[in-house]
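First residue of the sequence shown? That's 43 in my numbering, and the numbers climb one at a time after it. By construction, the Cβ of each residue, glycine as well, lies at the ideal position given by its N, Cα and C atoms. As the structure is a computational prediction, the values presented were derived from the model and not from experiment.
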Amino acid sequence: MKQKGKMNHSRFALNASVFLGSNATCNSSACLELASEKKYKFGLGVLMIFGTFLGIWLNGMVIILTIRHKFLRIPINYAVVNLSVADMLSIVIGLCPAMDANLQGYSFQSTSFCIFQGFCLALFGLVALWSVAVCAVERYLVVCRPFKAIQFGKKHAILALLFAWLWSTVWTIPPLFGWSSYDVEGIASNCAPAWHRKDWKSRSYHTCLFICCFLAPLTIILLSYGKLIGTLRKVTETRTRTRAESQVTKTAIIMILAFLLSWMPYAAFALTKVVKPEVIMDPQVQSIPMYMAKTGTIYNPVVYISLNKQFCHTIEI
């Protein structure tokens, strides 16, 4: 597989000797800038230690509890477990190397690892996004039952998750073969689709990716939960709505808000770079939406565990 385009390392490779203990080619302004950036990266790395630990612990808890307790292994929970698996993989392959890079003060990995990491982070991120969409659709089908002859079951849940993985893979493979590329982003401690590239191939890919892998699932999520809430309101008027259904709705709304909080800034940043590639952003500013997107690995299990009485019961046991 050939990756087209050069790695965007120039700014961070500049005076790399500062990090290695040599200042032979370093002028004062460059040294001050790099020293400031190194402090920023170190502070971010310290925060990432806590975020990484929390993400692994919380997502691991969802996975382990589901394995240990049979009553949690119901089809409607498959998407949530899949979400935790995708988040866990994102932490291990994405956050851990980025955390180490920030703490050590270096700016990039090898080209091959950057491509691998960029592909994996894009894949797991899209799988997590589509898992939330699948979760929304499943809850709509279970509660509203628009197709009364169809009983939602294990087969439907598995097929939905297979779609999430296959569709996400379809959209993360093209950069490996020249339709855009994977490159360093932000402060260059991790890699992602090369939003900064201005050629038509990259811009067309990023536009399609934005529509098919952000707007599409977001629309599905909003429509599904909108229909769900509308149905539950009608049921409320007849006073037959159960507490469990009310709790599901509350969980769904909070998960959507958490999802938007983590992913909307990154999507807005990516769209800005696609529409106006001439816009120049400071790498430290670029890193803010990038790391906000990673906070979803913490939001999701917190929301699900805290608002799901079955999970809370297993923790109390």
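Q) Given Pro331, which residues of its chain have a CB within under 6 angstroms of its CB, disregarding the five upstream and five downstream residues? A) Stepping through the sequence shown from its first residue, residue 331 is reached at position 289. Residues Pro307, Tyr308, Phe311 of the same chain have their beta carbon placed closer than 6 angstroms to that of Pro331, with the five preceding and five following residues left out of the count.
Q: Give the DSSP-derived three-state secondary structure of Asn232 in the structure shown.
A: As a position in the sequence shown, residue 232 is number 190, starting the count at 1. Of the three classes helix, strand and coil, the one that applies to Asn232 here is strand, per DSSP.
Q.
Distance check for Ala300 and Leu257, CA to CA, integer angstroms please.
A. The residue labelled residue 257 in the question sits at position 215 within the sequence shown. The residue labelled residue 300 in the question sits at position 258 within the sequence shown. Taking the straight line joining both Cα atoms gives about 16 angstroms.
Q: Check whether the Cβ atoms of Val104 and Val123 lie closer than 8 angstroms to each other.
A: As a first step, residue 104 must be located in the sequence shown, where it is residue number 62. As a first step, residue 123 must be located in the sequence shown, where it is residue number 81. Contact check for Val104 against Val123 passes: the beta carbons are separated by less than 8 angstroms.
Q) Are there 16 or more other CB atoms within 10 angstroms of the CB of Gln159, so buried, or fewer, so exposed? A) Along the sequence shown, one-based indexing puts residue 159 at 117. For Gln159, the number of other beta carbons within 10 angstroms of its own is at least 16, and it is reported as buried.
**Q.** The beta strand (DSSP E) enclosing Val226, as first and last residue numbers
**A.** Within the sequence shown, residue 226 is the residue found at index 184, counting from 1. Bounds of the beta strand (DSSP E) holding Val226 are 224-227.
Q. So, are the CB atoms of Lys336 and Leu137 less than 8 angstroms apart?
A. In the sequence shown, counting from the first residue as 1, residue 336 sits at position 294. In the sequence shown, counting from the first residue as 1, residue 137 sits at position 95. Yes, Cβ-Cβ distance for Lys336 and Leu137 is below 8 angstroms.
**Q.** For Trp305, the three-state DSSP class (helix, strand or coil)
**A.** On the sequence shown, residue 305 is found 263 positions in, with the first residue counted as 1. Assignment of Trp305 by DSSP, reduced to helix, strand and coil, places it in the helix class.
Q: Identify whether Trp213 lies in helix, strand or coil by the three-state DSSP scheme.
A: On the sequence shown, position 171 is the one that residue 213 refers to. Helix, per DSSP.
Q: Within the same chain, show all residues whose beta-carbon is closer than 6 angstroms to that of Tyr182, passing over the 5 residues directly before and after it, in chain order.
A: Position 140 of the sequence shown, counting from 1, holds the residue named residue 182. In chain order, Ser266, Lys269, Leu270 place their CB closer than 6 angstroms to the CB of Tyr182, counting only its own chain and leaving out the 5 sequence neighbours on each side.
Q) Under a Cβ-count criterion, where at least 16 other Cβ atoms within 10 Å of its own Cβ denotes burial, should Arg110 be classed as buried or exposed? A) Locating residue 110 in the sequence shown gives position 68, counting from the first residue. Under a 10 Å Cβ-count criterion, Arg110 is classified as exposed, with fewer than 16 other Cβ atoms of the shown protein chains found around its own Cβ.
Q: Please report the Cβ distance between Asn350 and Met297, rounded to the nearest whole angstrom; I am assuming they are in contact, meaning their Cβ atoms lie under 8 angstroms.
A: For the purposes of this step, residue 350 is identified with residue 308 of the sequence shown, where counting begins at 1. For the purposes of this step, residue 297 is identified with residue 255 of the sequence shown, where counting begins at 1. In fact, because the Cβ distance is near 11 angstroms, the residues do not count as touching under 8 angstroms.
Q) Hey, quick one: how far does the alpha helix (DSSP H) through Glu180 stretch, first residue to last? A) Here residue 180 is taken as the residue at index 138 of the sequence shown, counted from 1. Glu180 -> alpha helix (DSSP H) spans 153-186.
Q. How big is the Cα-Cα spacing for Asn101 and Lys80?
A. Start at 1 with the first residue of the sequence shown, and residue 101 comes out as number 59. Start at 1 with the first residue of the sequence shown, and residue 80 comes out as number 38. Approximately 30 angstroms between the Cα atoms of the pair.
Q: Measure the CB-CB distance between Leu107 and Leu114 and report whether it falls below 8 angstroms.
A: Taking the first residue of the sequence shown as 1, we reach residue 107 at position 65. Taking the first residue of the sequence shown as 1, we reach residue 114 at position 72. Taking 8 angstroms as the Cβ cut-off, Leu107 and Leu114 qualify as a contacting pair.
Q | For Pro117 and Gly195, the rounded distance between their alpha carbons | A | As a working note, residue 195 is residue 153 in the sequence shown. As a working note, residue 117 is residue 75 in the sequence shown. Straight-line Cα distance between these residues: approximately 6 angstroms.
Q: Can you tell me which of Ser348, Trp242, Val327, Pro216 puts its alpha carbon nearest to the alpha carbon of Leu165?
A: Taking the sequence shown and counting its residues from 1, one reaches residue 165 at position 123. That would be Pro216, whose Cα lies nearest to the Cα of Leu165.
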